[in-house]
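Just so you know, our numbering puts 1055 at position 311 of the sequence shown, and the rest follows in order with no gaps. Below is one structure; the comments refer to it alone.
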Amino acid sequence: MITHKRVTVVTDPAKGSKLYKAWGKFPSANIPVRQIKLKVKFGCPDSMRCADWDYDDHITIRRKGGKRGASQDYEIGRMLTPYGGAFGKDWTFEWEVDVTDFSMLLRDSVEIEYNHTGYEPNKDRGWSITLDFEIVKGKPAWEPVAIQKIYDGSFSYGDSSNSIEKALKPVVFDTQKQAGFARLRVVQTGHGMDTPDGCGEFCSKYRELWYDGKMIDKRSIWKTCGDNPLYPQAGTWIYNRANWCPGTLMQPDIYDLNIESRKQHTIDINMQNYISSKPSATEVISAYLIQYKKAAVKNDIAMEDVITPSLKDAYRRENPSSIKPQILVKNMGSAAIKKLHIRYGTKGFPQKVTDWKGIIKPAATAVIKLPGTVDAKTGINAFEVELMLPNGKQDAYLADNKIIGAFEAVPKQDSVLVVYLLTNNQPAQNSYAIVNEKGETVKERALGSLTANTVYRDTLHLPKGQYQFMLRDTAGNGLEFWANPKGGRGKVRLLNKNGAMIKDFDSDFGNSVQYAFEVGGPVAPVTAQTSFGLYPTRTNDKTTFDYYANFPEDVKVQIITDPGDKMVEEHDYPQLKEGLFTYDLSRFPKGRFYLKVLVNGTEKFKKRIRLKE
């Protein structure tokens, strides 16, 4: 059920936020609902380019029960927008989050509000957004009894005259009749840039959760961003942040609480003591309590997702994949799951079976690695997984035990593979390895073995089988990052025995890049692949563009002002296959530019340049 379909979203610089509201028709209250997922898809608007900045946007249940219904004001999704300055017109990305906890409210006519914050110019840039609620009807695993707000707001942090603990006071709630347990759902992000610690965006502080006078959780409000599946981005996308990264739909922290011991209970969130000399930080927290009846059944396991192999955007870093499939499962029953029988495989090929043992607590999820490799024909395939016999018993709800997901087969390569690696100025941060389906390392360049600004060309002769190549960067800034000029620029690509490019990797990759492939069978013909590079992107005068392609093509390079979209320089390179070109921008006014590359008339590359004093 779609409420917002390719809605063009821009900022309101005068207010700092702009609301986009739409009504949706959800199931009536008497229809049982098993699960609701909210899918959020971003793209560039048809008449604009993608927006630039990492703003926090809020998806809220505004009203229910018709236009005269009272405001509900329940945040069901928080989107941290990506740095979109370098995305092409055809770029899209889709995230999803489970919002079943709000099923009591997502009934009948509901007004959904998308609140886009920020202050950037709105004439020529924005986002195209789609909000799609995927509703699965069926008997709920836990029937909700009540929902209430615990905390909901933007709370000052680090201000000695206005302690956050004054706002995050203990909240008392009463156990509802028929309730068997309570679930606390918390979404928290830190914002601001104060002195001395860079809070709340760039400081790692801990949060404590107290329940009935006991601390039940203590965790750092911090997230590593160098492994973001949406990469590269135009800004400081690799910088770790206070529980979020640019281009993230927040996933909630879930705490299931025992409420049977007493009638009244207390929840209290406390932040690490911190005082700023120039306070500006805020902690944006929404915390909701949902009371549920006891689980309907004892033994109930559900297939949540296939992580590998998959075509989903959220799993881009792990795919395509062909070794040890990974699945996400959830315990929907009241008993801990200690064993499972699992049937899996690619449709059209013999199915595999395995018996898994471990512990999955009630309402918890687990990632399970399945043995073996992934069968596939060239192109798109379907991977099927079925869960059976939780704890050796018949599953009490079979409708969500099976899932079929699309995936793309890994490419087939010749037995001869060439790893081309040009190191940057900081080679001590890098290593690479190729492993086979048995987990054996067949080739590696270990940490500490590489020399700065050196080309390594390793030729491998591989027997038939499945393989995975991975290049890591311990600093999380790839082989190139615009805000790390001392690191310089490196490059990695895979070539065939004739020197043609099989796979090109963007040097701005954060923590790691990987590539799965198969040796054996018919090898696909060499395709018209191209490799682009621009460095430095912050300069006083010159920048260098490098180009590499498997076949000669007509290439046009344009340098365009930002803002204004005025072309100030253009270069034509007919039938170009490889080249290195330096452009002197010192004669132009200081500011921002784009370097745009068109291959045979089609835009293939765009990157921002900052010409500084």
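Glycine included, every Cβ here is placed at the ideal spot set by N, Cα and C.
Those residues which DSSP pairs with residue i across a bridge
i     : result
W767  : E855
F1093 : F1093 is not bridged to any residue.
E1048 : In the DSSP output, where bridge partners are listed per residue, E1048 has none listed.
K1105 : DSSP, once it has assigned bridges, lists no residue as partnering K1105.
P757  : Answer is none; P757 lacks a bridge partner.
W1100 : L1084
C794  : G870
Y1292 : S1275 and E1322
G787  : T836 and S872
Y818  : I805
Residue closest to residue i, alpha-carbon to alpha-carbon, out of the options
i     : options                       : result
Y863  : P888, D796 and R1060          : D796
D1124 : E1152, L1072 and Y818         : First, the residue type needs correcting, since residue 1124 is Ile and not Asp in the sequence shown. The residue with the shortest Cα to Cα distance from I1124 is E1152.
Y999  : T992, R927 and A758           : R927
A773  : F1276, S853, Q892 and K1241   : S853
I699  : Q1138, I1067, S1020 and A1031 : This structure cannot settle anything about residue 699, because the visible part of the chain is limited to 745 through 1357.
R1331 : E1313, L850 and A1190         : E1313
Q1258 : G1264, D1248 and P1266        : D1248
I1304 : L1320, Y1291, L1324 and P1333 : P1333
N1075 : D1285, L1142, D1306 and P757  : L1142
L1033 : M1015, L1001 and A1046        : L1001
G1209 : K811, K1156 and L974          : K1156
A758  : D845, P865 and M745           : P865
R1354 : F1337, N1014 and V1341        : F1337
A830  : Y1292, Q1008, S1005 and Y975  : Y975
L1368 : L1238, A1025 and T1117        : Because the chain here runs from 745 to 1357, residue 1368 falls outside it and cannot be looked at.
G1243 : K962, K1321, A1227 and V1073  : K1321
S948  : T933, D956 and Y955           : T933
T1326 : R1352, T1287 and P1307        : T1287
D971  : Y799, T825, Y1059 and K958    : Y1059
E1048 : I775, D1285, K781 and R1352   : K781
L875  : W835, A766, R851 and Q816     : A766
K1241 : G1254, P1269 and G1234        : P1269
W966  : A1079, V931 and K1105         : V931
E909  : L1072, D941, N859 and I1019   : I1019
H802  : E857, G902 and W1226          : E857
D903  : Q1016, F1289 and I805         : Q1016
G832  : T1283, E887 and G787          : G787
F1261 : S1078, D1298, A1120 and K1096 : A1120
V1118 : K1096, A986, Y1292 and V916   : K1096
Cβ distance (whole Å) where residue i is taken to contact residue j below 8 Å
i     : j     : result
V1236 : L1215 : 6 Å
A1140 : D1044 : 5 Å
D1202 : V1163 : 4 Å
G1232 : S1251 : Rounded, the Cβ-Cβ distance is 10 Å, inconsistent with contact.
F899  : A911  : 5 Å
Y1176 : E1184 : Wrong, their Cβ atoms sit about 15 Å apart, outside the cutoff.
Y1279 : E1224 : 6 Å
K1022 : D918  : Going by Cβ atoms, the distance from K1022 to D918 rounds to 42 Å, so no, they are not a contact pair.
K1137 : I1103 : Rounded, the Cβ-Cβ distance is 16 Å, inconsistent with contact.
F1127 : Y1036 : With 8 Å as the limit, F1127 and Y1036 do not qualify as a contact, their Cβ atoms being about 32 Å apart.
V1154 : P1064 : 5 Å
Residue i to residue j span [Cα, whole Å]
i     : j     : result
K1042 : A978  : 49 Å
A1172 : Y1200 : 15 Å
F1295 : R750  : 37 Å
T1358 : R778  : This structure gives no information on residue 1358, because the portion of the chain shown stretches from 745 to 1357.
T992  : Y827  : 11 Å
S872  : A1196 : 42 Å
T968  : Y1317 : 41 Å
T1281 : F1349 : 14 Å
V1301 : G1264 : 39 Å
L1324 : V1343 : 16 Å
G823  : S1159 : Position check: residue 823 holds Met in this sequence, whereas Gly was assumed. Each residue's Cα considered, the two are about 44 Å apart.
P771  : A1107 : 24 Å
S1054 : T752  : 29 Å
R807  : G760  : 23 Å
I891  : G897  : 17 Å
P1094 : T1198 : 47 Å
T1271 : D798  : 36 Å
S813  : V889  : The residue asked about is misnamed: residue 813 is Gly in this sequence, not Ser. In a straight line, the C-alpha of G813 is about 21 Å away from that of V889.
L1072 : K1056 : 13 Å
M792  : G870  : 7 Å
D961  : I1178 : 39 Å
Proximity test, Cβ basis, 8 Å: residue i and chain C
i    : result
R851 : Among the chains of the structure shown, chain C does not appear; only one protein chain is present.
Residue i Cβ short of 7 Å to the ligand ADP heavy atom set
i     : result
A1244 : The ligand ADP is not among the ligands present in this structure, which contains no ligands whatsoever.
Please specify which runs of the alpha helix (DSSP H), each continuous and at least 4 residues long, are wholly inside the segment 901-969, giving them in chain order. 908-911
Along the chain, which unbroken stretches of the alpha helix (DSSP H) at least 4 residues long are found entirely within the segment 1000-1078? none
Complete alpha helix (DSSP H) runs within the segment 1233-1287 (minimum length 4 residues, chain order): none
Those runs of the beta strand (DSSP E) which lie wholly inside the segment 1153-1202 and span at least 3 residues: List check, beta strand (DSSP E) in window: 1160-1166, 1174-1180 and 1185-1189.
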